[in-house]
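Peer 1: Heads up: the protein sequence lines correspond to chains V and G, in order. Under the working numbering, the residues of the first sequence are numbered 1 to 465, in order. Under the working numbering, the residues of the second sequence are numbered 1001 to 1465, in order. One structure follows; several queries about it will come next.
2 protein chains.
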Amino acid sequence: MLFSQSTYIERRRRLRELVGNGLILLFGNNEAPMNYPANAYRFRQDSTFLYYFAQHRDGLVGVIDADSGEETLVGDEIDIDDIIWYGSVQSVKDMAQEAGVSRTLPMSSLEEKVDSALKNGRKVHFLPPYRHDNRIYLSKIMGVSPDSLQPSLPLIQAVVEMRSVKSAEEISEIERACSIGYKMHTTAMNLCRPGVTEQYISGVIGGIAASYGCITSFQSIVTMHGEVMHGYPSPLPLEEGRLLLCDCGAETNENYCSDHTRTSPISGVYSQRQKEIYTIVSDCHDLALQESRPGKMYRDVHLDVCRLMTERLKDLGLMRGDTEEAVRAGAHALFLPHGLGHMMGMDVHDMEGLGQVHVGYDEEVRPSSQFGLNALRMARRLQEGFVVTDEPGIYFIPALIDQWRANGTNAEYLNFDVIETYKDFGGVRIEDDILITKDGCRFLGKERIPYHIDEVEEYMRNRKG
Amino acid sequence: MLFSQSTYIERRRRLRELVGNGLILLFGNNEAPMNYPANAYRFRQDSTFLYYFAQHRDGLVGVIDADSGEETLVGDEIDIDDIIWYGSVQSVKDMAQEAGVSRTLPMSSLEEKVDSALKNGRKVHFLPPYRHDNRIYLSKIMGVSPDSLQPSLPLIQAVVEMRSVKSAEEISEIERACSIGYKMHTTAMNLCRPGVTEQYISGVIGGIAASYGCITSFQSIVTMHGEVMHGYPSPLPLEEGRLLLCDCGAETNENYCSDHTRTSPISGVYSQRQKEIYTIVSDCHDLALQESRPGKMYRDVHLDVCRLMTERLKDLGLMRGDTEEAVRAGAHALFLPHGLGHMMGMDVHDMEGLGQVHVGYDEEVRPSSQFGLNALRMARRLQEGFVVTDEPGIYFIPALIDQWRANGTNAEYLNFDVIETYKDFGGVRIEDDILITKDGCRFLGKERIPYHIDEVEEYMRNRKG
């Protein structure tokens, strides 16, 4: 267990209080089959289950009766075959005791427990199931088809309220992940040279995460095609003169994440054109750092970044017209089709499985349907203890440029003839994880991965290997 | 595509012929959510889909009408959002054409196609779905609950018949995986020293696989607790005097696998007791190599290995009584609770998802229920072109020893007082991938990872780093 027993007891108490009544089911994850049932992907516990029940084994469900206060850890004990194949593990009883949960039940009795609650007209709360085996199981015990399952809004809201604000203990685990992320990123910068393949770099940095007992918090993006938001590494060798975008993070054994992006010059120095675009992105990054503080809407930080980006792209001759109108029309989204950032914590997009509308939005700030702004994952007012990413980027996406040009989309704000000459540019993104403090924000991670142009070029000049 | 178009066309033709009639559905895999829907594990295509339809994208289904011969690749085209987030990929039409498939259809029309076949009383063939999303989808289009889905025996048998015999082209891809496996294993041997952690070694060798654009063919087993069959690496540092069991393999971008096990002395040399046990295992390994040839039942090779092991454990005073009777009673399974090996190919346990009884057994050789022998995955007669693992092991599993001793299981063949003194030994396994040739077998992989005691000790003496 990562934290003390009392931490988990208090979390469950508060969850009960917030949800008010009914039977709360928190599903742990099961093994996820890769190419046949027994060849599973590396086990990843569900974050919310971990947050309240602390235990990493597969095949567990946490049940909290919000009316009676009774807490149960549901799961089957292992047998001799399990011991032969997977080694001894704690009993379910011991795991429950460790987490301060008074009761245990075998999995076979859960259906009856739920059935009896439903028959008594009680509300059965569960979160949106993203694992399909849990969908099948829930569908069976709730007696509805997998497509008709109705997750509980009060439960979602309670979990979001609690998990959004990180405790000092959680921050310290995130900083552990950031330290490993630092090693991953600086290693990528050390290896970033013409001829080395994207897959090689991605493999080595994945190995660094794993050698610390971590996983990568998501599939590493290591690509010369920075204009593809999730560009997976290819077997192609790096080319002189291009940029390498590396977006990756570590996730500790206790499933706290890091998530950083750096865009490095494969030749060791940026070209004039790369400098011009890169500087806009790093200035946008710094602007977000200046503006982020409790009470500030993150959507407004995003829009201020878009304004600065538009101003500066006008200076370069890529955009034109009134900045305010261009941003209102979403013209900048040709270059920045995603949002400034997202929550981060036990999930690298924290709590995304609960529904972005519940995590990044509230009654005050509603989602937009405008292209670009509709990809903003975090919009609501920041609070002390939130962890968010600050990750502006500028991308030249040939297919999108062609589409907008053909349709005349936002043509009054865009100089397509100039934009056309950037089609082989790729993309730049700079991303850090920031903690909202009492009166501002700070970087997470003891060591800062270089990102200002002079720092990056200096790092690359002095690197070993 | 790994092989020529005509290879895939011919494979589908033969499959049609073997199945005879009805509509054959071969499901590709979808993205598998890790901790929320958009954070997926690394995509792994289904092996059988790849074998017949060659394509790596998610969201595809191959349909073969065994009566009319019509072949269809079912899948949805990507849109501009997909291009922005994941880059351009081939269209479904292009993928179909490349694989020599004449028709494509969008996913929405598959249900109707299946529905019309069922209404016309035709058989709809599908394989056992191991991914739960495909189970849900199949349940919907077949109109039965997920638990009532009935996979097609003729389809399973046809696929097993075809995939069991590897072509020269397939062997060469497996040898590519073996070369990377060689690098992983020798790196593990280089790193195997007191103080280094299991997770560190596992991380570094995983990074090697990934740096070649591979994945590990299963979660690497790197453990001082060799007696746990699937002992995942711990954060514990290696200890002087103990053994490190490393069971790992690579899987190429085209999803052909390697699978080797070595058990190395952490101190660089084996102790006398370790030598005694290790030599039995390496002699068993060599015996299997001598005996494996077309026409030989792999169950008989397994049993001959068990006989040799029993003889030699008698010499050491761990077993006693008549060897033949002891093996018939399954007494040796206290030390070797698993089978000698399994098929290997595109799945590291090749085709295991189709059901072990169909892959490793036939009408002549039926599964046993005896402890130990019931874990034999490959029992039937070997054929030229089969790839199997040869992986004997000797383990001292404290919980199993206690159970057998308490129950008096096979007590007439076991000297429990002596066995008791080995409880801290751990386990030894040696595993290689072998190809059944015209008149015998050979190792797969250009370079042989050292495994005889003198070779291992020499390697460890001369290693760098």
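We put the CB at the ideal spot given by N, CA and C, even for glycine.
If you measure from the beta carbon of V:Arg135 to each beta carbon in chain G, is any gap under 8 Å?
Peer 2: For this step, residue 135 of chain V is matched to residue 135 along the first sequence. Taking Cβ atoms only, chain G reaches closer than 8 Å to V:Arg135, which makes this a yes.
Peer 1: Give the secondary structure of V:Gly206 by DSSP, where H, G and I count as helix, E and B as strand, and everything else as coil.
Peer 2: Residue numbering aside, residue 206 of chain V sits at position 206 when the first sequence is read from its first letter. It is helical.
Peer 1: I want to know whether the region 319 to 339 of chain V touches the region 430 to 438 of chain V - three or more CB-CB distances under 8 Å.
Peer 2: No: fewer than three Cβ pairs fall under 8 Å.
Peer 1: Assuming V:Val204 contacts G:Ser1211 (C-beta within less than 8 Å), just tell me the rounded distance between them.
Peer 2: The sequence position of residue 204 of chain V within the first sequence is 204, counting from 1. The sequence position of residue 1211 of chain G within the second sequence is 211, counting from 1. V:Val204 to G:Ser1211, Cβ: 5 Å. Contact.
Peer 1: Using beta carbons (cut-off 8 Å, strictly below), is G:Ala1399 in contact with chain V?
Peer 2: Residue numbering aside, residue 1399 of chain G sits at position 399 when the second sequence is read from its first letter. Closer than 8 Å: yes.
Peer 1: Rounding to the nearest angstrom, what Cα-Cα distance links G:Glu1420 and G:Gln1403 in this structure?
Peer 2: On the second sequence, position 420 is the one that residue 1420 of chain G refers to. On the second sequence, position 403 is the one that residue 1403 of chain G refers to. C-alpha separation (whole angstroms): 12 Å.
Peer 1: Does V:Gln383 pass the burial test, meaning 16 or more other C-beta atoms within 10 Å, or should it be called exposed?
Peer 2: Sequence index remark: in the first sequence, residue 383 of chain V carries index 383 (1-based). The residue is exposed, with fewer than 16 neighbouring Cβ atoms inside 10 Å.
Peer 1: Along the chain, where does the alpha helix (DSSP H) containing G:Leu1153 start, and where does it finish?
Peer 2: As a working note, residue 1153 of chain G is residue 153 in the second sequence. Start and end: Leu1153 to Ser1164.
Peer 1: Which class does V:Asp76 belong to by DSSP, given the choice of helix, strand or coil?
Peer 2: What you label residue 76 of chain V is simply residue 76 of the first sequence in a count that begins at 1. In the structure shown, V:Asp76 sits in coil (DSSP, three-state: anything other than H, G, I, E or B).
Peer 1: Answer yes or no: do V:Gln55 and V:Met107 have a C-beta to C-beta separation smaller than 8 Å?
Peer 2: Within the first sequence, the letter at position 55 stands for residue 55 of chain V. Within the first sequence, the letter at position 107 stands for residue 107 of chain V. In this structure, V:Met107 does not lie closer than 8 Å to V:Gln55 by Cβ.
Peer 1: Where do the N-terminal and C-terminal ends of the beta strand (DSSP E) with G:His1260 fall, by residue?
Peer 2: Start at 1 with the first residue of the second sequence, and residue 1260 of chain G comes out as number 260. Looking at the DSSP string, the run of the beta strand (DSSP E) that includes G:His1260 is His1260 to Pro1265.
Peer 1: Quick check for students: name the residue ranges of the beta strand (DSSP E) that lie wholly in the region 1212 to 1292 of chain G, counting only runs of 3 or more.
Peer 2: Listed in chain order, the complete beta strand (DSSP E) runs (minimum 3 residues) inside the region 1212 to 1292 of chain G are 1221 to 1223, 1243 to 1248 and 1260 to 1265.
Peer 1: Less than 8 Å between C-beta atoms, sequence neighbours within five positions excluded: which residues of the same chain meet that for G:Glu1098?
Peer 2: In the second sequence, counting from the first residue as 1, residue 1098 of chain G sits at position 98. For G:Glu1098, where only same-chain residues beyond five positions count, the Cβ hits under 8 Å are Met1001, Gln1005, Ala1054, Gln1055 and Gln1090.
Peer 1: Check each residue of the region 1017 to 1045 of chain G: if its Cβ is closer than 7 Å to any Cβ of chain V, include it; give the result in chain order.
Peer 2: From the region 1017 to 1045 of chain G, only Ala1032, Pro1033, Met1034, Asn1035, Tyr1036, Pro1037, Ala1038, Asn1039, Tyr1041, Arg1042 and Arg1044 have a Cβ closer than 7 Å to chain V.
Peer 1: In this structure, does DSSP put G:Ala1406 in helix, strand or coil?
Peer 2: Against the second sequence, residue 1406 of chain G aligns to sequence position 406. Note: G:Ala1406 maps to helix in three-state DSSP.
Peer 1: Please confirm if G:Ala1177 has its CB atom under 8 Å from at least one CB of chain V.
Peer 2: Indexing the second sequence from 1 puts residue 1177 of chain G at position 177. Not an interface residue.
Peer 1: Going along chain G in order, which residues have a C-beta closer than 9 Å to the C-beta of V:Pro151?
Peer 2: Working through the first sequence from its first residue, we reach residue 151 of chain V at position 151. Going along chain G, no residue has its Cβ under 9 Å from V:Pro151, so there is no contact; the nearest lies around 13 Å.
Peer 1: Can you list, in chain order, the residues of its chain with a C-beta nearer than 7 Å to that of V:Phe443? Leave out the 5 residues immediately preceding and following it.
Peer 2: Taking the first residue of the first sequence as position 1, residue 443 of chain V is located at position 443. The answer, listed in chain order, is Asp432 and Ile434.
Peer 1: Counting only beta-carbon separations shorter than 8 Å, does V:Tyr200 have a partner in chain G?
Peer 2: Indexing the first sequence from 1 puts residue 200 of chain V at position 200. Yes, V:Tyr200 counts as interfacial toward chain G.
Peer 1: If we count Cβ pairs, one from each stretch, closer than 8 Å, do we get three or more for the region 1230 to 1242 of chain G versus the region 1367 to 1385 of chain G?
Peer 2: No: fewer than three Cβ pairs fall under 8 Å.
Peer 1: Return the residue from the list G:Gln1219, G:Gly1440, G:Glu1175 and G:Arg1381 that minimises the CA-CA distance to G:Leu1289.
Peer 2: Counting from one through the second sequence, the residue named residue 1289 of chain G turns up at place 289. The shortest C-alpha separation from G:Leu1289 is found at G:Gly1440.
Peer 1: Along the beta strand (DSSP E) that carries V:Phe27, what are the first and last residues, could you check?
Peer 2: As a first step, residue 27 of chain V is located in the first sequence; it is residue number 27 there, counting from the start. Looking at the DSSP string, the run of the beta strand (DSSP E) that includes V:Phe27 is Leu23 to Phe27.
Peer 1: Measuring straight from C-alpha to C-alpha, what distance separates G:Arg1176 and G:Met1346?
Peer 2: Your numbering for residue 1176 of chain G matches position 176 in the second sequence. Your numbering for residue 1346 of chain G matches position 346 in the second sequence. Their Cα atoms are separated by approximately 13 Å.
Peer 1: Work out the CA separation of G:Ser1148 and V:Val114 for me, nearest whole Å.
Peer 2: Taking the first sequence and counting its residues from 1, one reaches residue 114 of chain V at position 114. Taking the second sequence and counting its residues from 1, one reaches residue 1148 of chain G at position 148. Roughly 23 Å between the two C-alpha positions.
Peer 1: I want to see whether chain G comes within less than 8 Å of V:Glu468, judged by CB atoms only; does it?
Peer 2: Beyond the ends of chain V as shown, which are 1 and 465, falls residue 468 of chain V; an answer cannot be given.
Peer 1: Which partner residues does G:Ala1333 have in the DSSP bridge list?
Peer 2: Walking along the second sequence from the start, residue 1333 of chain G turns up at place 333. Answer is none; G:Ala1333 lacks a bridge partner.
Peer 1: Return the CA-CA distance between V:Ala326 and V:His358, expressed in angstroms with no decimal places.
Peer 2: Here residue 326 of chain V refers to the residue found at position 326 of the first sequence. Here residue 358 of chain V refers to the residue found at position 358 of the first sequence. In a straight line, the C-alpha of V:Ala326 is about 29 Å away from that of V:His358.
Peer 1: Mind checking if V:His349 is an interface residue toward chain G, Cβ cutoff 8 Å exclusive?
Peer 2: Taking the first sequence and counting its residues from 1, one reaches residue 349 of chain V at position 349. True, the Cβ-Cβ gap to chain G drops below 8 Å.
Peer 1: Cα separation between V:Asp424 and V:Ile397?
Peer 2: Along the first sequence, one-based indexing puts residue 424 of chain V at 424. Along the first sequence, one-based indexing puts residue 397 of chain V at 397. Looking at the two C-alpha atoms, the distance is approximately 9 Å.
Peer 1: Can you name the residues that DSSP bridges to G:Ala1040?
Peer 2: Taking the second sequence and counting its residues from 1, one reaches residue 1040 of chain G at position 40. Paired residues: G:Pro1033.
Peer 1: Could you check whether V:Ser152 and V:Pro146 sit closer than 8 Å to each other, using their CB atoms as the reference points?
Peer 2: For the purposes of this step, residue 146 of chain V is taken as the residue at position 146 of the first sequence. For the purposes of this step, residue 152 of chain V is taken as the residue at position 152 of the first sequence. Cβ distance not < 8 Å, so V:Pro146 and V:Ser152 don't count as in contact.
Peer 1: Taking the Cβ atom as the reference point for each residue, do G:Gly1249 and G:Gly1143 lie within a distance shorter than 8 Å?
Peer 2: For the purposes of this step, residue 1249 of chain G is taken as the residue at position 249 of the second sequence. For the purposes of this step, residue 1143 of chain G is taken as the residue at position 143 of the second sequence. Going by C-beta atoms, G:Gly1249 is not nearer than 8 Å to G:Gly1143.
Peer 1: Can you tell me where the alpha helix (DSSP H) holding V:Arg12 begins and where it ends?
Peer 2: Translated into the one-based positions of the first sequence, residue 12 of chain V becomes position 12. That run of the alpha helix (DSSP H) goes Gln5 to Val19.
Peer 1: Cα separation between V:Ile64 and V:Leu25?
Peer 2: By one-based count along the first sequence, residue 64 of chain V stands at place 64. By one-based count along the first sequence, residue 25 of chain V stands at place 25. Cα to Cα, V:Ile64 sits roughly 7 Å from V:Leu25.
Peer 1: With three or more beta-carbon pairs closer than 8 Å as the criterion, would you say the region 305 to 316 of chain V touches the region 274 to 284 of chain V?
Peer 2: Yes, they touch.
Peer 1: Look at V:Leu354 and V:Pro128 and say whether their C-beta atoms are less than 8 Å apart.
Peer 2: Counting from one through the first sequence, the residue named residue 354 of chain V turns up at place 354. Counting from one through the first sequence, the residue named residue 128 of chain V turns up at place 128. Yes, the Cβ-Cβ distance between V:Leu354 and V:Pro128 is below 8 Å.
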